[in-house]
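J.: One structure, as structure tokens, below. Some questions next.
Numbering (the UniProt record's numbering), first residue to last: 1 to 164.
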């Protein structure tokens, strides 16, 4: 069974500016330096007129993981996030897929960035699924909490990028 994620962020800038702040190479590298964790890296970065695609690698040290996760896998975790954005006029939609090495599960999300008033709104809806008998739900709860914190932190980083 999967656990749902939903996050909403508002920006006092245009959707085009918020999109650029989340897809331009310089902005992504700055965000990774700010919130990327261990061995953060930008890979496979492509931006074109119709959209963008990039992959972020982020590490989580073993001592930051709950004991339940450490029983499934020893050592640090590497998280691989692939983002694919599509531009449709003044609206941007995207998908995010997340893979965690040696953990049987998945995280997927759909993202929408649309104009709203004098700024824009970004909505992320997804789900976390961890296929581990008896404890999968507990791990999903932990992951949902961490993903929500990450989305909030990244929204603040986007705001700071736009303000700077």
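Even for Gly, the Cβ is constructed at its ideal location relative to N, Cα and C. All values derive from a computational prediction rather than experimental measurement.
Here's the rule: buried if 16 or more other CB atoms are within 10 angstroms of the residue's CB, otherwise exposed. What is residue 140?
T.: buried
J.: Thinking C-alpha only, which one of 1, 131, 88, 35 is nearest residue 161?
T.: 35
J.: Rounding to the nearest angstrom, what Cα-Cα distance links residue 93 and residue 126 in this structure?
T.: 13 Å
J.: Just to confirm, are residue 15 and residue 91 a CB contact at a threshold of 8 Å?
T.: Yes, the pair counts as a contact, with Cβ atoms nearer than the cut-off.
J.: Taking residue 139 as part of the beta strand (DSSP E), name the residues at either end of that continuous run.
T.: Careful: residue 139 lies outside any beta strand (DSSP E), inside the alpha helix (DSSP H) at 136 to 163.
J.: Between residue 62 and residue 75, which are expected to be in contact by the criterion C-beta below 8 Å, what is the C-beta distance as a whole number of angstroms?
T.: 5 Å
J.: In whole angstroms, what separates the C-alpha of residue 109 from that of residue 6?
T.: 9 Å
J.: Taking C-beta to C-beta, are residue 83 and residue 100 nearer than 8 Å?
T.: Annotated as distal: residue 83 and residue 100, with beta-carbon spacing of 8 Å or more.
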